[in-house]
Amino acid sequence: MRKNFTAAFIYAHPDDETFSCAYLIQDIKDQGGQAVLLTATRGEAGKTGRLGDISRKELAARRDQELEQAANVLGISTVKQLDLGDGKLKDADPERLQQEIADFLNLHQADVVVTFPEDGVSGHQDHIVIHHAVNSVIYGGKAPSVQKLYYNRFGSLLSDMSGLLRIDGEGKWDIKRRALEAHESQMFSIERVFGPLGPDMLPQYRYETFELVWERHPSAKSMPEKSVFDGLEAGEELN
Ligand SMILES: [Zn+2]
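Take the sequence shown: its letters are residues 76 to 314, numbered as in the working numbering.
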């Protein structure tokens, strides 16, 4: 049996993983891989939605539970949350943030990393800070187990998708919907993006799209890729 590959998702807030990677995480599980997640904040500056007027401390505690539930639905094996200040990541010590990311990747011996693109998907400053911190770790050689780096791309906005990895959500929407529902405090923003959550996947959300931006050992593999694990060394045998 081949080594069980690990993909690490590095994001800013609870819910970032479900918005952009719920199909990919299922695909990784289907292949016998592991998904692990690091978020830099607890999401305490988010809107409180149907929860009404609650404090940031209460919202942080609530969102911890929501993320735990979403991670269970998605099958993420490990979640680590830092508490570096929702909405304030640009004020966090960049060395500390990079060290936390490097320590997490090294602890889990991550083979693959997935994170935000340069515009942070939505332009959110926290997302952009994470993008740069992950780049510094990977390009700075601080995570030697990592073989591939991917950014989220939004397929519907791109004219040329030929080089991109697209994960088909067919048969995977139900789990994504349940993970979105777990982030109940964020339901207003979730429904603004995905519409009222129901049994049917909206056609524009059928795919999650990722761009391979860096490989440690560029390999001859057929493009577009079918999986984030394409072309990886098989690693040691497991008994
Ligand atoms: Zn976010």
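Note that beta-carbon positions come from the ideal geometry of N, C-alpha and C, so glycine has one too. Nothing here was measured: the structure is a model prediction, and the numbers come from that model.
Anyone know if the C-beta pair for residue i and residue j falls short of 8 Å?
i: D139; j: D201; result: no
i: D243; j: R281; result: yes
i: I378; j: I100; result: No information on residue 378 is available, as it lies outside the stretch 76 to 314 that the chain covers here.
i: K104; j: A97; result: no
i: H206; j: A83; result: no
Evaluate residue i with the Cβ neighbour count: other Cβ atoms within 10 Å of its Cβ, from every protein chain shown; 16 or more gives buried, anything less gives exposed.
i: V268; result: exposed
i: L277; result: exposed
i: S294; result: exposed
i: K247; result: buried
i: S95; result: buried
i: Y214; result: exposed
i: F285; result: buried
i: G270; result: exposed
i: D91; result: buried
i: N147; result: exposed
i: Q279; result: exposed
i: L313; result: Low local confidence applies: a pLDDT of 48 at L313 is under 50, so the model's placement there is unreliable, and no value is given.
I need the straight-line Cα distance from residue i to residue j, nearest angstrom please.
i: E119; j: N79; result: 34 Å
i: E193; j: V187; result: 18 Å
i: M76; j: L134; result: With a pLDDT of only 37 at M76, under 50, the local geometry of the prediction cannot be trusted, and the value read off the model is given with reservation. Approximately 44 Å between the Cα atoms of the pair.
i: V221; j: D128; result: 42 Å
i: G177; j: Q144; result: The sequence shown places Ala at residue 177, not Gly. Rounded to whole angstroms, A177 to Q144 spans 26 Å at the Cα level.
i: P219; j: T93; result: 27 Å
i: R117; j: H88; result: 6 Å
i: P169; j: A208; result: 7 Å
i: A257; j: T190; result: 21 Å
i: K102; j: L224; result: First, the residue type needs correcting, since residue 102 is Asp and not Lys in the sequence shown. Those two C-alpha atoms are separated by around 17 Å.
i: R131; j: T123; result: 9 Å
i: M262; j: R125; result: 8 Å
i: A115; j: K217; result: 18 Å
i: V196; j: R228; result: 8 Å
i: Q174; j: M236; result: 34 Å
i: T81; j: E266; result: 31 Å
For ligand 1, I want to know if residue i counts as a neighbour, meaning its beta carbon is within less than 7 Å of at least one of the ligand's heavy atoms.
i: A167; result: no
i: A208; result: no
i: H292; result: no
i: H258; result: no
i: A135; result: no
i: D91; result: yes
i: H183; result: no
i: D128; result: no
i: D194; result: no
i: D249; result: no
i: A87; result: yes
i: D201; result: yes
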